[in-house]
Amino acid sequence: MSRRCAISGKGPMVGNNVSHAKNRTKKRFLPNLRTVRVTLEDGTTQKIRISAKELRTLKKHS
């Protein structure tokens, strides 16, 4: 299963760890994914992985 939000498509980003001595090593910034159950229009429920930001947006609009 990929580390990608089912709604927004947000995925991992790449950057650098920077030490105090300015040494740089590669780092992956992973999205804050949560597994939630969503009720569809036909009454069935489905588990999807969405980011925490999208979860807040869903709660705001429902």
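So for the sequence shown, UniProt numbering puts the first residue at 1; every next one is plus one. C-beta atoms are modelled at their ideal positions from N, C-alpha and C, and glycine is treated no differently. Treat the numbers as computed from the prediction; the structure is a model and nothing was measured.
State the DSSP-derived secondary structure class of residue i, mapped to helix, strand or coil.
i: ARG28; result: strand
i: THR35; result: strand
i: LYS53; result: helix
i: LYS47; result: strand
Would you please state the rounded distance, in angstroms, between the beta carbons of residue i and residue j? I believe it to be under 8 Å.
i: LYS47; j: ARG37; result: 6 Å
i: CYS5; j: ARG49; result: 7 Å
In or out: residue i buried (at least 16 other Cβ within 10 Å) or exposed?
i: LEU33; result: buried
i: SER51; result: buried
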